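Protein chains in written order, with the working numbering: chain W, 10 to 188; chain Z, 706 to 1182.
Every residue, glycine too, gets a C-beta built ideally from N, C-alpha and C.
Please read all numbers here as calculations on a predicted model, not as lab measurements.
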């Protein structure tokens, strides 16, 4: 069988955020797992309507920040007090005070890398091929259209029932997406 | 089914409770994409070439001047005993200060939920990055033998030496390089959804490929938005202490020394306020002409200009307070060197620099108390340029007046810049405007997806076509 004719999922278009939000609540309550909402901008309250938990990006930021701070402190202590001790103006070889500003900057630097790469890792980006990106109408998602996509891989998926659910949720336009 | 539904009328709030909308004339989502993306599409307009060609020529002059300085030595600058920090450090501090408004708008105003920032944050962040690039040139060359610049970083070398972290100059290396990197990350992350907008509109293969590559395959999935918004919030939370620390550390380059006029504890907050003040001056200087040329009056409204003028007024007044407090403390301390330094600032051979500083930074912004000045674009544009000039003279006053007469009269001298100093400074404008014009040409200068999120239609709970209307329609069925 030709790979391009395998169905990926069902795509339903919505024209405003309110009907989208209510449709998402219905899909959530129907118990679907492999589905998503696509919007040109983050819609307020959508995480709740989809039943998403709080994002885990914060952990990456936290680990990045802690790594940055300890790297800074240990690096400065080792360089200025152990490996290359040099008396300057009778000041101590190591003090947490003079080591603080660079360590503070490294906390922020590593924390920022943690946030960006954490976000990319959790979103599995970069992903330059996606079945939806080939779909003609889907290009409108970055313009002014809103979509709900339910994947065929979802255990609750059934072509007729799922279509009915989305129709009832108020989508004027429902199509199939191919792999 | 729609035929049964009578139109819903929502009572308008009383006039005094109404706010001016952030996007004027109730435009749609699609209009925002079209308006902003179209600026990067089609042939470059004539005015763009008229600005771009001189900018590139200036950039060429910068490269020539830097080549001359590197091949000959720092002696080509006017820096001479006793003023060993001259235009190079003035321009370094000036450029890096300008960057601070971009981070203030993108990070601090985000944390404060100031939604108006969405119209100006992209351009302001771009300004930050290009200003920090201009700033970075100066310390890299000021060290004299720039091929040893890598000694500034903790990299292993054959001498088995390490940098000396007790010096604020080392802290500055970390502060400025972190500032540049984090600003770039923050800017790029904000660009990802908008690059996807450009990708989906692209007609040519090259544009599709490049915007597709840099938008990382963004689909606008809500599962992605959820992580994205959290990461954006965290980056804003990290950039806020960062921007406050960067100019604080720049000020420590001065205040950790023992020199009268430099050795003061007021420096960190005073430098940060001055940096934000000068940055807002530059944001206004750039956005007022762009708004007219690009016809963005509905996105960057008079309300935006008004708010930015008020921020300029507030920070300018803080700076004025700091100037007054420096004089007060010099008198109150009873320290004769300190008192002499401040008398010398106002009445010494560089009295004109001090006059420019006080006039442009303290007196000029006071005009923004009057609404007429905040609403008059020509006036705002002229005043914003005066702010930039004033802040340049502030650094001149601190650095040159601080150094030219220290404790021993035998050490006194008078500093003047050399032509190389002046041409290098003009050249950095070439770098800045070349980068900024390329940014305007190839990237969306307004955060498209963020602006879409602040218009009334975006809110699913808003009565205008929002959830409430849906419920009413549902009940009627």
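Reducing DSSP to helix, strand and coil, say where residue i ends up.
i	result
residue 18 of chain W	strand
residue 44 of chain W	strand
residue 94 of chain W	coil
residue 187 of chain W	strand
residue 145 of chain W	coil
residue 72 of chain W	helix
residue 961 of chain Z	coil
residue 866 of chain Z	coil
residue 23 of chain W	strand
residue 1005 of chain Z	coil
residue 158 of chain W	strand
residue 728 of chain Z	coil
residue 926 of chain Z	strand
residue 102 of chain W	coil
residue 1150 of chain Z	coil
residue 1180 of chain Z	With a pLDDT of 47 at residue 1180 of chain Z, under the threshold of 50, the modelled position of this residue cannot be trusted, and the question is left open.
residue 1105 of chain Z	helix
residue 182 of chain W	strand
residue 848 of chain Z	coil
residue 788 of chain Z	strand
residue 132 of chain W	coil
residue 953 of chain Z	helix
residue 1075 of chain Z	coil
residue 1121 of chain Z	coil
residue 1133 of chain Z	helix
residue 52 of chain W	coil
Pull up the CB-CB distance for residue i and residue j, whole angstroms please, since I reckon it's below 8 Å.
i	j	result
residue 852 of chain Z	residue 1125 of chain Z	Contact doesn't hold; Cβ gap of about 19 Å is too wide.
residue 836 of chain Z	residue 801 of chain Z	7 Å
residue 73 of chain W	residue 123 of chain W	3 Å
residue 742 of chain Z	residue 912 of chain Z	Contact flag wrong, Cβ pair sits at about 11 Å.
residue 1102 of chain Z	residue 1058 of chain Z	5 Å
residue 111 of chain W	residue 85 of chain W	6 Å
residue 43 of chain W	residue 162 of chain W	5 Å
residue 47 of chain W	residue 925 of chain Z	5 Å
residue 1089 of chain Z	residue 1006 of chain Z	Between residue 1006 of chain Z and residue 1089 of chain Z the Cβ distance is about 17 Å, and since that is not below 8 Å, they are no contact.
What does a CB cutoff of less than 7 Å around residue i pick up in its chain, not counting 5 residues either side in sequence?
i	result
residue 820 of chain Z	727, 1159
residue 876 of chain Z	954, 957
residue 899 of chain Z	1149, 1152, 1153, 1154
residue 1190 of chain Z	Given that chain Z is displayed from residue 706 to residue 1182, the structure contains no residue 1190 of chain Z and the question cannot be resolved.
residue 4 of chain W	Any answer about residue 4 of chain W is impossible in this case: the structure gives chain W only from 10 up to 188.
residue 808 of chain Z	833, 888, 944, 948
residue 844 of chain Z	797
residue 917 of chain Z	904
residue 17 of chain W	140, 160, 161, 186, 187, 188
residue 972 of chain Z	956, 959, 960
Spatial neighbours of residue i within its chain, please: C-beta separation below 8 Å, excluding the five flanking residues on both sides.
i	result
residue 1179 of chain Z	Its pLDDT being 48, under 50, residue 1179 of chain Z is placed unreliably in this model, and the coordinates cannot settle the point.
residue 810 of chain Z	822, 825, 826, 829, 830, 988
residue 756 of chain Z	1138, 1142
residue 32 of chain W	21, 23, 157, 175, 178, 179, 180
residue 1079 of chain Z	1010, 1011, 1014, 1015, 1073, 1085
residue 1033 of chain Z	none
Determine, for residue i, whether the minimum Cβ-Cβ distance to residues of chain B falls below 8 Å.
i	result
residue 180 of chain W	The structure shown has no chain B; the protein chains it does contain are W and Z.
For residue i, I'd like the list of residues in its chain whose CB is within less than 6 Å of its CB, leaving aside the five on either flank, ordered along the chain.
i	result
residue 1094 of chain Z	1065
residue 1023 of chain Z	978
residue 707 of chain Z	Note on residue 707 of chain Z: pLDDT 45, under 50, position unreliable in the model; no value is reported.
residue 1182 of chain Z	Bear in mind that a pLDDT of 41 at residue 1182 of chain Z, under 50, signals an unreliable position, so the number given afterwards is only what the model happens to contain. So no residue of the chain qualifies.
Which residues, in chain order, does the segment 851-869 of chain Z contribute to contact with chain W at a C-beta distance below 8 Å?
Correct list: 859, 865, 866, 867, 868, 869.
Return the residues of the segment 879-890 of chain Z that lie within a Cβ-Cβ distance of less than 7 Å from chain W, sorted by chain order.
Flagged, chain order: 879, 880, 883, 886, 887, 890.
Residues of the segment 923-941 of chain Z whose Cβ lies closer than 8 Å to any Cβ of chain W, in chain order
Listed by position along the chain: 923, 924, 925, 926, 927, 928, 929, 930, 931, 932, 933, 934, 935, 936, 939, 940.
Specify whether the segment 99-106 of chain W and the segment 42-57 of chain W touch according to this definition: at least 3 beta carbon pairs, one from each stretch, less than 8 Å apart.
The segment 99-106 of chain W is not in contact with the segment 42-57 of chain W.
Return the residues of the segment 791-804 of chain Z that lie within a Cβ-Cβ distance of less than 8 Å from chain W, sorted by chain order.
Listed by position along the chain: nothing, the set is empty.
Tell me, please, whether the segment 1015-1024 of chain Z touches the segment 967-986 of chain Z by the rule of three or more beta-carbon pairs shorter than 8 Å.
In short, these stretches touch, since the Cβ pair count reaches three.
Pairs of beta-carbons, one from the segment 993-1007 of chain Z and one from the segment 1028-1047 of chain Z, closer than 8 Å: are there three or more?
With the cut-off at 8 Å, the segment 993-1007 of chain Z and the segment 1028-1047 of chain Z do not touch.
Under 8 Å: do the segment 788-805 of chain Z and the segment 961-974 of chain Z share three or more Cβ pairs, one atom per stretch?
By the criterion of at least three beta-carbon pairs nearer than 8 Å, the segment 788-805 of chain Z is not in contact with the segment 961-974 of chain Z.
Going along the chain, which residues of the segment 80-99 of chain W sit with their C-beta nearer than 7 Å to a C-beta in chain Z?
The residues in question are 84, 85, 88, 89, 92, 93, 95, 97.
Spell out a yes or no on whether the segment 1094-1113 of chain Z and the segment 1042-1055 of chain Z are touching, meaning 3 or more CB-CB pairs, one atom from each, closer than 8 Å.
Counting C-beta pairs closer than 8 Å gives three or more between the segment 1094-1113 of chain Z and the segment 1042-1055 of chain Z, which meets the contact rule.
Does the segment 84-96 of chain W come close enough to the segment 859-871 of chain Z to have 3 or more Cβ pairs within less than 8 Å?
Cβ pair count under 8 Å is three or more, so yes.
Scan the segment 51-71 of chain W for residues whose Cβ lies nearer than 7 Å to a Cβ of chain Z and list them as they occur along the chain.
Answer in chain order: 51, 52, 53, 54, 55, 56, 59, 61, 64, 66, 67, 70.
Residues, ordered as in the chain, of the segment 107-122 of chain W that lie near chain Z by beta-carbon distance below 8 Å
Closer than 8 Å at the C-beta level to chain Z, one finds these residues of the segment 107-122 of chain W: 107, 108, 110, 111, 113, 114, 115, 117, 118, 120, 121, 122.
The segment 1024-1037 of chain Z touching the segment 1066-1083 of chain Z, judged by at least three CB pairs closer than 8 Å
Taking a cut-off of 8 Å for Cβ pairs, the segment 1024-1037 of chain Z and the segment 1066-1083 of chain Z touch, as three or more such pairs fall below it.
Residues in the segment 1093-1105 of chain Z having any Cβ partner in chain W nearer than 7 Å:
Taken residue by residue, none of the segment 1093-1105 of chain Z has a beta-carbon sitting less than 7 Å from a beta-carbon on chain W.
Could you name the residues of the segment 17-48 of chain W whose beta carbon sits closer than 9 Å to any beta carbon of chain Z, in the order they occur along the chain?
If the cut-off is 9 Å between Cβ atoms, the segment 17-48 of chain W has 25, 26, 27, 28, 29, 30, 31, 33, 45, 46, 47, 48 near chain Z.
Could you list the residues in the segment 988-1008 of chain Z with a C-beta less than 8 Å from some C-beta on chain W, going in chain order?
Flagged: no residues at all.
Which residues, in order along the segment 147-163 of chain W, keep a beta-carbon less than 7 Å from a beta-carbon of chain Z?
Within the segment 147-163 of chain W, the qualifying residues are 148, 150, 151, 152, 153.
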